[in-house]
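First up is the structure itself, then whatever we jot down about it.
Residue numbers (the working numbering), protein chains in the order written: chain A, 1 to 113; chain B, 1001 to 1117.
Shown next as structure tokens:
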């Protein structure tokens, strides 16, 4: 079982819909990242969370440390939101672990006009 | 503007040849990383470097080599020993490795797509 699991793997929506992408993890973390990868391949960091909730424009990210779960929400979705959304957790440092990022497999989002 | 530059964007290599992927950052970040991305899989760590002249193997280092002679540069060489080198390669950097702290956000390059022909 992967340490980071995302769901769904594929998501199709109509423009304007509210979208939720989920991320569950099984290890102790110091932070969680949400990343966006466009078809060209480049990755943009959307959020880094260690607790609570963050909002940027139409994007909202939440994390529940006790339940080891995070969600990324997109309100009023738009075709330009079509991308791969990746969850990554930063492991707690200790022993030989320096606090590296471990990535989920990504959620492919397609928003139709 | 500060950022990470990866070059080239597309690279073709014949079997049996070594090839070097470039990664340069002007963010004054101490830590740099190389990841490999395959379809349907999460990014996997190849090598990382915390400071100049120091680097560590990641999860899939076999068939790869790196150097960190300058803070700004972290080139990755895909050697002929890498059995399945066709993939998308991403370079990233961060202020530090985040040991003992919450860690700072990553900055990613735009990637290099390597195809073995």
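We put the CB at the ideal spot given by N, CA and C, even for glycine. Just so it is clear, the structure is predicted and the values come from calculations on it, not from any experiment.
*Counting along the chain, where does the beta strand (DSSP E) carrying residue 62(A) start and finish?*
59-64
_Taking only three categories from DSSP, how would you classify residue 90(A)?_
strand
*asked:* Quick check: is the beta carbon of residue 1016(B) nearer than 8 Å to any beta carbon in chain A?
replied: no
*Can you find a C-beta in chain B that's less than 8 Å from the C-beta of residue 26(A)?*
no
*Cα-Cα, which of 113(A), 84(A), 69(A) and 90(A) is closest to residue 41(A)?*
84(A)
_Where the beta strand (DSSP E) through residue 47(A) begins and ends_ = 43-49
*Note down, in chain order, each residue of its chain lying with its Cβ closer than 7 Å to the Cβ of residue 48(A), except the 5 sequence neighbours on either side.*
31 and 33
*To the nearest angstrom, report how far apart residue 1073(B) and residue 64(A) are at their CA atoms.*
37 Å
*Taking one C-beta from the stretch 1054-1064 of chain B and one from the stretch 1080-1091 of chain B each time, how about it: are there three or more such pairs within less than 8 Å?*
yes
*Report yes or no: do three or more beta-carbon pairs, one from the stretch 1045-1055 of chain B and one from the stretch 1014-1023 of chain B, lie closer than 8 Å?*
no
*In whole angstroms, what separates the C-alpha of residue 111(A) from that of residue 10(A)?*
11 Å
_Residue closest to residue 25(A), alpha-carbon to alpha-carbon, out of 80(A), 103(A) and 108(A)_ = 103(A)
*Compute the Euclidean distance between the alpha carbons of residue 1099(B) and residue 90(A), then round it to the nearest angstrom.*
Only weak support exists for where residue 1099(B) lies, its pLDDT of 44 falling under 50; the coordinates are left without a value.
*asked:* Distance cutoff 8 Å, beta carbons only. Does residue 1088(B) sit that close to anything in chain A?
replied: yes
*Taking the alpha carbon of residue 4(A) as the point to measure from, which residue in 108(A), 52(A) and 28(A) has its own alpha carbon closest?*
28(A)
*Are the C-beta atoms of residue 1002(B) and some chain A residue less than 8 Å apart?*
no
_Beta-carbon proximity check, residue 1109(B) vs residue 1004(B), cutoff 8 Å_ = yes
*From the DSSP output, in three-state form, read off residue 1113(B) for me.*
strand
*Which one of 52(A), 68(A), 82(A) and 71(A) has the shortest CA to CA distance from residue 15(A)?*
82(A)
*Name the residue from 1012(B), 1090(B), 1075(B) and 1018(B) whose alpha carbon lies nearest to the alpha carbon of residue 1052(B).*
1075(B)
*asked:* Distance check for residue 1077(B) and residue 46(A), CA to CA, integer angstroms please.
replied: 30 Å
*Is the closest heavy atom of the ligand SAH to the C-beta of residue 1117(B) under 7 Å?*
What this structure holds is no ligand at all, so the ligand SAH is not there to describe.
*asked:* Once the 5 residues before and after residue 54(A) are set aside, which same chain residues still bring their CB inside 7 Å of it?
replied: 47 and 61
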